[in-house]
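Trainee:
Here's what the structure looks like:
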């Protein structure tokens, strides 16, 4: 019988994964076996400041005791209950989400991931309008299944799987005139990120986002906001759209929604007509275990003021990075604790050097360092990570 992974060393874990993995992921030379708050430990006991946060899914940190307790209690009670059978945890979560949602949100669909959420939002927009066209932005990322991938712009993700779903068009981000030229009476939805994450942490301007919303109202399209990475306090407000008072018709959510467990969803606004029964579904969507974890995570988010914390610490981090004379850096940009550092060189060597110095971080395109720490990160932990980033960027490039 195979021993549990926690008993394996780094080499054994990596050999195990490389033997059986799909091969779809580029593996880093580290094996993570434990986490707490904003820190992770590898199989040899080395500690890392986590600025990945599960690709932005660990806003409340790793193994928060309240979330762990909620999962343990619910796991002993009931883990699976389809939505055809009402459940207390699911119902309470749906009520809670409507309560913290942007104005005008009335209902919730629950699923398992951000890609699923965007697939559902696309379908809901088509049903609600009777139209088929979807307009998205260049440099967008909305997922990798066929509908969500059709909305995603990056050619390297799209081209191996073409032909994709018809009816999708892309226009430049932050260019309202381009959007106005393409949205017409065939457009079911305009699908946008308030901050483009995967393409380099690029915030949308208030003028652009508010203009997109107004354009959708004027021309009868649904305004769909992808808050998969930006939601739940990441940008310093509950929703990134709150920075410019957006009232989207549909909001796709996921990542930190589940408190660390897989969960996605769509917040459904008042302009979206009642969806036909059976027109969409999800076996594990809103399962009681993930719902209990999500409720506990929302409690932590609100009680510990994590959105406000993200605003404060994000401003601190960007101020420190911008104050340094770092000739290899073109621009520091972001919102809250969603920070992009654009370099004049490939980012991969820097990511490897950070790992070797106890900091885990992400790319956002080939030349952007992305920092997405858990929102519970202590200021001292954040400064420890920033010290390493700054020191490495002061050195000549390899």
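Residue numbers (our numbering): -2 to 395.
All C-beta atoms, glycine included, are put in the ideal place defined by N, C-alpha and C.
Model, not experiment: these values are computed from the prediction.
#1: I want to check one thing, is the minimum distance from the CB of residue 28 to the heavy atoms of the ligand GDP below 6 Å?
#2: Considering Cα atoms alone, identify which of 135, 238, 125 is closest to residue 268.
#3: On the CB-based measure, 16 or more other CB atoms within 10 Å of its CB, does residue 45 come out buried or exposed?
#4: Shortest alpha-carbon distance to residue 264 belongs to which of 274, 251, 256, 275?
#5: Report the start-end ranges of each alpha helix (DSSP H) in the stretch 309 to 356 that is 4 residues or longer and not cut off at the edges.
#6: So for residue 155, helix, strand or coil by DSSP?
#7: Mind checking residue 246: buried by the 16 CB within 10 Å criterion, or exposed?
#8: Give me the DSSP bridge partner(s) of residue 108.
#9: Buried or exposed, going by whether 16 or more other CB atoms sit within 10 Å of the CB of residue 115?
#10: To the nearest angstrom, how far is it from the Cα of residue 400 to the Cα of residue 390?
#11: If you run the structure through DSSP and keep just helix, strand and coil, what is residue 1?
#12: Find out if the Cβ-Cβ distance for the pair residue 198, residue 132 is shorter than 7 Å.
#13: Exposed or buried, residue 229, counting other C-beta atoms within 10 Å across all chains shown (16 or more means buried)?
#14: State the start and end residues of the unbroken beta strand (DSSP E) segment that holds residue 166.
#15: I'd like to know whether the C-beta atoms of residue 75 and residue 283 end up nearer to each other than 7 Å.
#16: Note down, in chain order, each residue of its chain lying with its Cβ closer than 7 Å to the Cβ of residue 266, except the 5 sequence neighbours on either side.
#17: So within the stretch 58 to 136, which uninterrupted alpha helix (DSSP H) runs reach at least 4 residues, ignoring any that extend past its ends?
#18: When burial is assigned at 16 or more other CB atoms within 10 Å of the CB, is residue 165 buried or exposed?
#19: Which residues in the same chain have their Cβ closer than 7 Å to the Cβ of residue 379, if we skip the five residues on either side of it in sequence?
#20: Per DSSP, what kind of secondary structure is residue 8 in: helix, strand or coil?
#21: Three or more C-beta pairs under 8 Å: does that hold for the stretch 79 to 93 against the stretch 285 to 295?
#22: Give the secondary structure of residue 360 by DSSP, where H, G and I count as helix, E and B as strand, and everything else as coil.
#23: On a CA-only basis, which of 340, 249, 94 is nearest residue 145? Give me that one, please.
#24: Alpha helix (DSSP H) containing residue 390: first to last residue?
#25: I'd like the list of long-range same chain contacts for residue 117, defined as Cβ closer than 7 Å, with 5 residues on each side in sequence excluded.
#26: For the stretch 27 to 53, which segments carrying the beta strand (DSSP E) assignment without a break, of at least 3 residues, lie completely within its bounds, in sequence order?
#27: Going residue by residue through the stretch 183 to 264, where are the continuous beta strand (DSSP E) segments of at least 3 residues, counting only ones entirely within it?
#28: Evaluate residue 335 with the Cβ neighbour count: other Cβ atoms within 10 Å of its Cβ, from every protein chain shown; 16 or more gives buried, anything less gives exposed.
#29: Assuming contact is defined by CB atoms lying nearer than 7 Å, are residue 366 and residue 338 in contact in what I supplied?
#30: Looking at C-alpha atoms only, which residue of 60, 22, 258 is the closest neighbour of residue 38?
#31: Between the Cα of residue 307 and the Cα atoms of 18, 22, 11, 53, which residue gives the shortest distance?
#32: Over what stretch of residues does the alpha helix (DSSP H) that includes residue 297 continue unbroken?
#33: So what does residue 365 bridge to, in DSSP terms?
#34: Decide if residue 130 is buried, meaning its Cβ has at least 16 other Cβ atoms within 10 Å, or exposed.
#35: Taking the straight line between their C-alpha atoms, what separation do you get for residue 231 and residue 292?
Mentor: Considering the structure as presented:
#1: As far as ligands go, the structure on display features none, and thus does not contain the ligand GDP.
#2: 125
#3: Burial call: buried.
#4: 251
#5: 345 to 353
#6: helix
#7: buried
#8: 261
#9: So residue 115 counts as buried.
#10: The structure shown has nothing for residue 400, since the chain only spans -2 to 395.
#11: With a pLDDT of 39 at residue 1, under the threshold of 50, the modelled position of this residue cannot be trusted; read the value that follows with caution. Per DSSP, reduced to three states, the secondary structure at residue 1 is coil, with no helix or strand assignment.
#12: no
#13: Buried, since its Cβ has 16 or more Cβ neighbours within 10 Å.
#14: 165 to 168
#15: no
#16: In its chain, beyond the 5 residues on either side, 101, 102, 103, 245, 246, 247 have a beta carbon closer than 7 Å to the beta carbon of residue 266.
#17: 62 to 72, 85 to 97, 111 to 126
#18: buried
#19: 310, 314, 370
#20: Of the three classes helix, strand and coil, the one that applies to residue 8 here is helix, per DSSP.
#21: yes
#22: It is a strand residue.
#23: 249
#24: 376 to 391
#25: 106, 108, 263, 277
#26: 29 to 33, 36 to 39, 44 to 47
#27: 184 to 190, 219 to 223, 247 to 250
#28: buried
#29: yes
#30: The option with the nearest alpha carbon to residue 38 is 60.
#31: The option with the nearest alpha carbon to residue 307 is 53.
#32: 285 to 300
#33: 339
#34: buried
#35: Here the C-alpha atom of residue 231 lies approximately 17 Å from the C-alpha atom of residue 292.
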